[in-house]
Amino acid sequence: MRRVVLQISPLQLEVLVLAAGLVELMTRIEGHSELVLHMKKERLVKIELSPLSFRDFENVLVGKRIEDIPRLVTRICGLCPSAHQVASCKAIETAIGLDVRDEAKILRQVMLMAEAVRSHSFNFFFMTLPDLVAMTSQLKSKDILEVSQVRPGIMKMARELLWCSEKILDSVGGRAVHPISSIIGGISKPLGREGQEEALRALKNAASFSRLTIALVDQLIKAVGDRYEIFDVKESLQYLTSFDLKGGRGFYGGPLKVFDPKKGSGTELKPAEIVEGGGLSVEGAVDGQVVTGPIARHMTAMDRYRPGPSRKQEYNLLMINKLKVEEIAYSIFKSIELLENWDFSRTPTGIDVVNRKGMGSAAVEAPRGTLIHHYDFDNGRVRTARIVTPTEINRACIGDCVNQVASRCLDLGFLMDDVLDKAKAALRLFDPCVSCVTHTRIMHI
Amino acid sequence: MNRLRMGLVQLNGCTGCLSRVISCILTEDILRVADISYCPVVKDTPPDSLDLTFVEGAVSIRAEEEYLKKIRTTSKTLVAVGTCSIFGGIMSLSRNMNVKAIAEAAIPDYYLTGCPPSKSQIDDFLFKAITGEIYVQPQKNVCSECPFKPEELSFPLTIRKFYPESPLKRCLLETQTLCLGPVTRAGCDAMCISFNMPCEGCNGPPEGNFNSALANFFSILNLNDEMGLCDELFFRFHRCNLRS
Numbered sequence: 001m002r003r004v005v006l007q008i009s010p011l012q013l014e015v016l017v018l019a020a021g022l023v024e025l026m027t028r029i030e031g032h033s034e035l036v037l038h039m040k041k042e043r044l045v046k047i048e049l050s051p052l053s054f055r056d057f058e059n060v061l062v063g064k065r066i067e068d069i070p071r072l073v074t075r076i077c078g079l080c081p082s083a084h085q086v087a088s089c090k091a092i093e094t095a096i097g098l099d100v101r102d103e104a105k106i107l108r109q110v111m112l113m114a115e116a117v118r119s120h121s122f123n124f125f126f127m128t129l130p131d132l133v134a135m136t137s138q139l140k141s142k143d144i145l146e147v148s149q150v151r152p153g154i155m156k157m158a159r160e161l162l163w164c165s166e167k168i169l170d171s172v173g174g175r176a177v178h179p180i181s182s183i184i185g186g187i188s189k190p191l192g193r194e195g196q197e198e199a200l201r202a203l204k205n206a207a208s209f210s211r212l213t214i215a216l217v218d219q220l221i222k223a224v225g226d227r228y229e230i231f232d233v234k235e236s237l238q239y240l241t242s243f244d245l246k247g248g249r250g251f252y253g254g255p256l257k258v259f260d261p262k263k264g265s266g267t268e269l270k271p272a273e274i275v276e277g278g279g280l281s282v283e284g285a286v287d288g289q290v291v292t293g294p295i296a297r298h299m300t301a302m303d304r305y306r307p308g309p310s311r312k313q314e315y316n317l318l319m320i321n322k323l324k325v326e327e328i329a330y331s332i333f334k335s336i337e338l339l340e341n342w343d344f345s346r347t348p349t350g351i352d353v354v355n356r357k358g359m360g361s362a363a364v365e366a367p368r369g370t371l372i373h374h375y376d377f378d379n380g381r382v383r384t385a386r387i388v389t390p391t392e393i394n395r396a397c398i399g400d401c402v403n404q405v406a407s408r409c410l411d412l413g414f415l416m417d418d419v420l421d422k423a424k425a426a427l428r429l430f431d432p433c434v435s436c437v438t439h440t441r442i443m444h445i
Numbered sequence: 446m447n448r449l450r451m452g453l454v455q456l457n458g459c460t461g462c463l464s465r466v467i468s469c470i471l472t473e474d475i476l477r478v479a480d481i482s483y484c485p486v487v488k489d490t491p492p493d494s495l496d497l498t499f500v501e502g503a504v505s506i507r508a509e510e511e512y513l514k515k516i517r518t519t520s521k522t523l524v525a526v527g528t529c530s531i532f533g534g535i536m537s538l539s540r541n542m543n544v545k546a547i548a549e550a551a552i553p554d555y556y557l558t559g560c561p562p563s564k565s566q567i568d569d570f571l572f573k574a575i576t577g578e579i580y581v582q583p584q585k586n587v588c589s590e591c592p593f594k595p596e597e598l599s600f601p602l603t604i605r606k607f608y609p610e611s612p613l614k615r616c617l618l619e620t621q622t623l624c625l626g627p628v629t630r631a632g633c634d635a636m637c638i639s640f641n642m643p644c645e646g647c648n649g650p651p652e653g654n655f656n657s658a659l660a661n662f663f664s665i666l667n668l669n670d671e672m673g674l675c676d677e678l679f680f681r682f683h684r685c686n687l688r689s
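In order, the protein sequences belong to chains A and B. Following the numbering used here from start to finish, the first sequence increments by one per residue and tops out at 445. Following the numbering used here from start to finish, the second sequence increments by one per residue and tops out at 689.
Here it is in structure tokens:
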């Protein structure tokens, strides 16, 4: 075993000594974590993403009133709070057998899509774009501020897309981060004509910027040239995603399916099945690795953003950049369509759930993929809570893909710094959310 | 004029406050005079002589405490952003973790309250930091910003529920619903109340002697038996550290 200890932690928290491993503090990723590469005779054995701190959410929720749950769970993550809020409302509504009005469902869907715009913009512009630009031009440092020096105009795109999504979330959800409006039984406040018009104005302004962003990614991926192939992955993925009733992207969550591209068909799964299997039954139930998120939604949904990447390109991690920016555009155009065709002047308000008893789970599509909440409550209070986050479902796939990229770089004789650099770039493309991983201390990816 | 070197630091938090601060910093006006010099979420560079550092999240492990102390020494001004860093936040409800407000490890110079702080508060703070003015937190309580003024409050106030049944037309306390607005600091434009939800107290206590304000508030309430134990009234969303 080779003993390599690379300490490039920008925080220099403590000297992290790990025998025969490479430890690197991950930057440009959500939350605090270290990336550990275990090496054996110059070969990569295992990659580990280890969050530094632990968030004890499922235990905090025990004993809480179910009315408080939608307000509490938003705090799991500052990039996908609406997804957690909507998922918790849906799970509790399922448990008590309540079907909410269509207006509320549409408003929740608009919130989820606005959140996809916000989260994807954040991940793309701040975290993965610098890696992509660095492959095509010389950068002093890999961050958006430096990138915007090389490519003016990028800052404006980032700003407009972020601000648009925050404006929508402010008017529909009440607050861009940790929304207020989604409550058990409905939405706490009708959007009203004024709010609807304001949201539409913001969306129409952002639409042109979303097209510019797609053009930018196309241009950059072309410029990467041969190095593109470093990020190739083998074609053995299965896709977990929920659909709407027409087979399109089901942000609000309809039937949940694992789709096998080889068979060309999907198997329907109940959210509860995934919860019971500790989140991992998906892996056991199907042959191959399961991935959820923009890749899964792109590969399986009927309402693909055309033209999309070609088939060869689909099995390359850099293509996730394109899928994310396409999803930004999709979300913006779909939100415009929904807001224009629905009347939100009536009030779908919440219901009284004091002293209720029940058990239920539900799934929604968070920006990073299928998110499942499960609650068991009695006397109006939570007995057990279980949350399965997209990063948890993607864990094995992320590990495998990052491993493939790192191994290829080692084979090509890259310097260790370069190997790490590419491994980190690959990891960032999956946008793992450390705050969301509420269950485990060490995530063996 | 030297450019303002800003830092953005995350401890045990959710990236909500940081992402909100970053989106406020991205204006042309601010980027003309200031840099994001250190921010692991968006940058790879290590911390080095920072002028203004925003800290999100609570302290939950020793490494975070050491890290915060190091940031305190490299940074001229330290700003605690959000409920987690100021009071410990939602993670302080955990029975398995020892979660502390950042003031227990390093004293911040400023506090930006809220979960997360409102855009107008962050913008106001950034403007004052750049122009060299002193930022002052809102001193009053949420009632001062609330669109509903109580008309017929009679004491003791009877409280029977936590959430309103229909869209609000008047003060929540008048409808026998618990609202923490009277004992919570202003600055959010009564955001939750404008969305028909009671104030959950994320901004923490207003200026002055909080213990006596809270004692006064609860002494005038006539709580329904079903409302549960005192612990559940005070600590529904976070366990407030009264020292800050």
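Even for Gly, the Cβ is constructed at its ideal location relative to N, Cα and C.
With a beta-carbon spacing of about 6 Å, residue 67(A) and residue 353(A) fall inside the 8 Å limit used to define contacts. Contact of residue 67(A) with chain B by beta-carbon distance below 7 Å involves 607 and 608. Here the stretch 468-485 of chain B does not lie against the stretch 423-439 of chain A, with fewer than 3 beta-carbon pairs under 8 Å apart. A Cβ of chain B is located within less than 8 Å of the beta carbon of residue 81(A).
The count of Cβ pairs closer than 8 Å, one atom from the stretch 452-464 of chain B and one from the stretch 139-157 of chain A, stays below three, leaving the stretches out of contact. Three or more beta-carbon pairs drawn from the stretch 89-106 of chain A and the stretch 371-381 of chain A are found closer than 8 Å, and the two stretches are therefore classed as touching. Note: residue 668(B) is bridge-paired with 604(B) in the DSSP secondary-structure output. Taking a cut-off of 8 Å on C-beta distances, the stretch 337-349 of chain A does not touch the stretch 357-365 of chain A, as fewer than three cross pairs fall below it. By the Cβ criterion, the stretch 598-614 of chain B is not in contact with the stretch 46-64 of chain A, since fewer than three pairs of Cβ atoms, one from each stretch, lie closer than 8 Å.
When rounded, the separation of the alpha-carbon atoms in residue 465(B) and residue 564(B) is 7 Å.
Beta-carbon to beta-carbon, residue 542(B) and residue 180(A) are separated by about 26 Å, too far to satisfy the 8 Å threshold. Under DSSP, residue 316(A) forms a beta bridge with 232(A). At a cut-off of 8 Å between beta carbons, residue 464(B) contacts chain A.
Any Cβ of chain A closer than 8 Å to the Cβ of residue 570(B) would place that residue at the interface, and such an atom is absent. Following the DSSP letters along the chain, one finds residue 372(A) inside the beta strand (DSSP E) bounded by residues 369-378.
Around residue 338(A), the same chain offers 106, 109 and 110 as residues with beta carbons nearer than 8 Å, after the five sequence neighbours per side are excluded. Rounded to the nearest whole angstrom, the C-alpha separation of residue 191(A) and residue 78(A) is 23 Å. Around the beta carbon of residue 593(B), a 10 Å sphere encloses 16 or more other beta carbons of the protein chains shown; the residue is thus reported as buried.
With contact defined as three or more Cβ pairs closer than 8 Å, the stretch 153-167 of chain A and the stretch 195-213 of chain A are in contact.
Here residue 32(A) is not bridged, per DSSP, to any residue. Beta bridge pairing from DSSP links residue 51(A) with 33(A).
Not a single CB atom of chain B sits nearer than 8 Å to the CB of residue 332(A). The alpha helix (DSSP H) runs lying completely inside the stretch 550-606 of chain B and spanning 4 residues or more are 564-576, given in chain order.
Neighbours of residue 214(A) in chain B, taken as residues whose beta carbon is under 9 Å from its own, are absent, since the nearest beta carbon is some 21 Å off. Across the stretch 125-144 of chain A, CB contacts with chain B closer than 8 Å involve 126, 127, 141, 142, 143 and 144, in sequence order along the chain. When the Cα atoms are used, residue 115(A) and residue 80(A) turn out to be separated by approximately 6 Å. Counting C-beta pairs closer than 8 Å gives three or more between the stretch 395-409 of chain A and the stretch 32-48 of chain A, which meets the contact rule. With respect to chain A, the C-beta atom of residue 637(B) has a partner C-beta closer than 8 Å. If you draw a straight line from the Cα of residue 215(A) to the Cα of residue 37(A), it is about 35 Å long. Close CB contacts of residue 628(B) within its chain, under the 8 Å cut and outside five residues either way in sequence, are with 586, 646, 650, 651, 655, 658, 659 and 662 (chain order). DSSP places residue 259(A) inside the beta strand (DSSP E), whose first and last residues are 256-260. At a cut-off of 8 Å, the C-beta of residue 430(A) has no neighbouring C-beta in chain B. Around the CB of residue 268(A), fewer than 16 other CB atoms lie within 10 Å, so the residue is classed as exposed. Judged by DSSP secondary structure, residue 102(A) falls outside any beta strand (DSSP E) and instead within the alpha helix (DSSP H) spanning 102-121. In terms of Cβ geometry, residue 241(A) and residue 329(A) do not form a close pair [threshold 8 Å]. The Cβ-Cβ distance between residue 76(A) and residue 54(A) does not fall below 8 Å.
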